[in-house]
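Chains X and P, in that order, give the protein sequences. Using this note's numbering, the first residue of the first sequence is number 88, and each one after it goes up by one. Using this note's numbering, the first residue of the second sequence is number 88, and each one after it goes up by one.
Protein chains: 2
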Amino acid sequence: MVKTLIPEVVVARLPVYIQRLNQLMREGRESVSSQEMAEYLDVTSAQIRKDLSFFGGFGKQGMGYNVINLLESLRSILNLDRVWEVVLVGVGHLGQALLSYQGFSHKGFEIVMAFDNDPAIIGQTFAGIQVTDVSEMQNHICPRGIPIAILTVPAANAQEMADQLIRCGVKAILNYTPVTLKVPEGVRLANIDPVLSLQTFTFYL
Amino acid sequence: MVKTLIPEVVVARLPVYIQRLNQLMREGRESVSSQEMAEYLDVTSAQIRKDLSFFGGFGKQGMGYNVINLLESLRSILNLDRVWEVVLVGVGHLGQALLSYQGFSHKGFEIVMAFDNDPAIIGQTFAGIQVTDVSEMQNHICPRGIPIAILTVPAANAQEMADQLIRCGVKAILNYTPVTLKVPEGVRLANIDPVLSLQTFTFYL
């Protein structure tokens with residue numbers, strides 16, 4: 088599989104398929120057709136079949152997909168059959184909420200460190216993670232080789248913190264700040280500023 | 088402008104252009120070329136010019152775009168020259184963080200009501216919003232015609248709450264839950280489950 092030949096939009100849909108398959112598994116379903124998958128998702132059944140065809144053959148004509156097999160294959164394709172360490176930078180209201188969120192560890196992601204620059208926050212523990220002074224961030228992250236960071240700092244600090252993280256080997260940043268970050272090639276960036284989604288809604292309302 | 092003829096991916100990029108233009112305006116810049124816009128964004132300059140061409144002529148060949156004019160045009164295209172009322176359902180850690188977030192009101196969105204089912208939370212005030220019992224939600228939302236909802240409830244309640252909101256006329260849902268929601272045609276849905284983004288990263292790491 089040559090990863091760069093697979094369109095990014097296809098890769099971005101795989102976690103959505105996993106989410107849906109997980110729900111089907113919890114409902115005790117053994118198989119599912121692409122038509123039925125498409126009902127819940129914002130794609131056509133043809134698109135689902137085409138997306139999956141990038142990664143080999145799944146399911147038999149007219150038989151649908153085996154839920155558990157497809158789930159395991161997709162998890163393996165996305166390298167989710169291991170635990171990924173994550174660092175969180177910025178422990179304000181949102182950072183604290185994310186530290187308390189149970190959904191990461193269940194899905195293979197573990198926040199292992201958290202940093203802030205506020206003396207009132209440094210040293211406090213949230214969901215088992217003690218907050219470290221951000222001025223010591225490089226000493227802590229660089230040697231450990233943590234690949235993923237969640238950025239929940241104020242806008243004014245966002246680019247500087249991203250730069251520091253990247254210098255320490257972070258390869259992917261989940262950006263909660265309302266800032267357009269500049270990152271070098273090879274570093275993945277996902278923006279989940281809720282305002283971007285809200286502003287897309289209003290075009291249609 | 089026939090809205091349905093404009094690809095959704097194009098519409099989804101406009102808020103990102105607005106974000107970048109806002110930064111340029113704060114830096115005191117008067118004009119910007121599509122090349123320079125593209126540097127910070129994950130698109131080519133040709134794509135930016137093509138996206139903008141859906142909405143009419145902006146800028147002159149070789150002159151770049153006037154930052155303020157383009158910003159105002161894009162804000163008008165996205166109906167952002169007014170304040171949009173938003174309701175928040177689920178006032179746990181994340182809901183509280185979103186209520187405290189200053190970024191919504193600055194961008195034209197105002198959370199005007201919040202609901203929860205926890206007796207310990209109902210009646211409490213966060214950032215000026217008093218939490219109402221979710222069992223009274225329909226009485227409050229239906230008459231007021233609030234178009235947008237933010238859903239931050241536990242997974243088990245997500246679909247039921249979405250259904251209630253839609254029955255009360257909500258036309259767009261920002262879904263923070265890790266659930267694939269089913270919504271009728273005509274209702275906009277954006278999923279910002281951070282795990283979906285993290286799972287896309289790991290394909291490339």
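Positions of the beta carbon are idealized from the N, C-alpha and C atoms, including for glycine.
Where does residue i sit, in a helix, a strand or coil, going by DSSP?
{"i": "P:Y152", "result": "strand"}
{"i": "P:A201", "result": "strand"}
{"i": "P:S120", "result": "coil"}
{"i": "X:F196", "result": "strand"}
{"i": "P:N226", "result": "helix"}
{"i": "P:I216", "result": "strand"}
{"i": "X:A207", "result": "coil"}
{"i": "X:I96", "result": "Here residue 96 of chain X is Val; the residue named in the question, Ile, does not match the sequence. Helix at X:V96."}
{"i": "X:V257", "result": "coil"}
{"i": "X:L158", "result": "helix"}
{"i": "X:L292", "result": "coil"}
{"i": "P:R275", "result": "strand"}
{"i": "X:N109", "result": "helix"}
{"i": "P:N262", "result": "strand"}
{"i": "P:I235", "result": "strand"}
{"i": "X:E126", "result": "helix"}
{"i": "X:D175", "result": "Position check: residue 175 of chain X holds Leu in this sequence, whereas Asp was assumed. X:L175: strand per DSSP, three-state reduction."}
{"i": "X:D250", "result": "helix"}
{"i": "P:Q189", "result": "coil"}
{"i": "P:T91", "result": "helix"}
{"i": "X:G144", "result": "coil"}
{"i": "P:G182", "result": "helix"}
{"i": "P:D168", "result": "coil"}
Since residue i contacts residue j with CB under 8 Å, what's their CB separation in whole angstroms?
{"i": "X:A245", "j": "X:L268", "result": "6 Å"}
{"i": "P:L283", "j": "X:V103", "result": "6 Å"}
{"i": "P:V130", "j": "P:M248", "result": "Their Cβ separation, rounded to whole angstroms, is 35 Å, which puts P:V130 and P:M248 out of contact at 8 Å."}
{"i": "X:L285", "j": "X:T264", "result": "X:L285 to X:T264, Cβ: 16 Å. No contact."}
{"i": "P:V178", "j": "P:V218", "result": "5 Å"}
{"i": "P:A277", "j": "X:T287", "result": "7 Å"}
{"i": "X:C255", "j": "X:I228", "result": "4 Å"}
Can you check which of these residues, the options, is closest to residue i by C-alpha distance?
{"i": "P:L292", "options": "X:V173, X:N109, X:I105 and X:F141", "result": "X:V173"}
{"i": "X:Y127", "options": "X:K137, X:R100, X:G146 and X:G144", "result": "X:R100"}
{"i": "X:F141", "options": "X:K90, X:L158, X:Q183 and X:T212", "result": "X:K90"}
{"i": "P:D138", "options": "P:E95, P:R116 and P:R113", "result": "P:E95"}
{"i": "X:M150", "options": "X:L285, X:F288, X:E159 and X:Q122", "result": "X:Q122"}
{"i": "P:V105", "options": "P:G144, P:Y152, P:I93 and P:L92", "result": "The question names Val, but residue 105 of chain P in the sequence shown is Ile. Among P:G144, P:Y152, P:I93 and P:L92, the Cα nearest to that of P:I105 belongs to P:Y152."}
{"i": "X:T212", "options": "X:N109, X:Q183 and X:Q225", "result": "X:Q183"}
{"i": "P:D205", "options": "P:V221, P:G215 and P:Q134", "result": "P:V221"}
{"i": "P:E159", "options": "P:K194, P:R254, P:Q225 and P:S132", "result": "P:K194"}
{"i": "P:E223", "options": "P:Q251, P:G215 and P:V266", "result": "P:Q251"}
{"i": "P:R107", "options": "P:I135, P:H180 and P:L92", "result": "P:I135"}
{"i": "X:L111", "options": "X:S132, X:I155 and X:G146", "result": "X:I155"}
{"i": "X:A259", "options": "P:V266, P:V240, P:P281 and P:N262", "result": "P:P281"}
Within the present structure, is the beta-carbon of residue i separated from the nearest heavy atom of the ligand FAD by less than 8 Å?
{"i": "P:H180", "result": "By its list of ligands, the structure shown contains no ligand whatsoever, and the ligand FAD lies outside what it can speak to."}
| query | Does the segment 197-204 of chain P touch the segment 225-237 of chain P, meaning 3 or more C-beta pairs lie closer than 8 Å? | reply | yes
| request: Quick one: which residues of the segment 220-239 of chain X get their C-beta closer than 7 Å to a C-beta of chain P? List them in chain order. | output: P234 and I235
| message | By the 7 Å beta-carbon criterion, what residues does the segment 165-183 of chain P contribute toward chain X? | response | L165, N166, L167, W171, H180, L181 and Q183
| query | Using Cβ-Cβ distances below 8 Å, what residues of the segment 130-154 of chain X are close to chain P? | reply | none
| field | Contact between the segment 268-278 of chain P and the segment 184-197 of chain X (3+ Cβ pairs under 8 Å) | value | Touching, no, given that fewer than three Cβ pairs across the two stretches are closer than 8 Å.
| field | Where the segment 101-129 of chain X meets chain P: residues whose CB sits under 8 Å from a CB there | value | L101, P102, V103, I105, Q106, R107, Q110, E126, Y127, L128 and D129
| task | Output, in sequence order along the chain, the residues in the segment 268-283 of chain X whose CB is closer than 7 Å to any CB in chain P. | result | K269, R275, A277, I279, P281, V282 and L283
| request: Would you check if there are 3 or more beta carbon pairs closer than 8 Å linking the segment 156-172 of chain X to the segment 168-182 of chain P? | output: no
| task | With 9 Å as the C-beta to C-beta threshold (strictly closer), list the residues of the segment 196-211 of chain P near chain X in chain order. | result | F196
| query | Between the segment 254-265 of chain X and chain P, which residues of the former have a C-beta closer than 7 Å to a C-beta of the latter? | reply | K258, A259, L261 and P265
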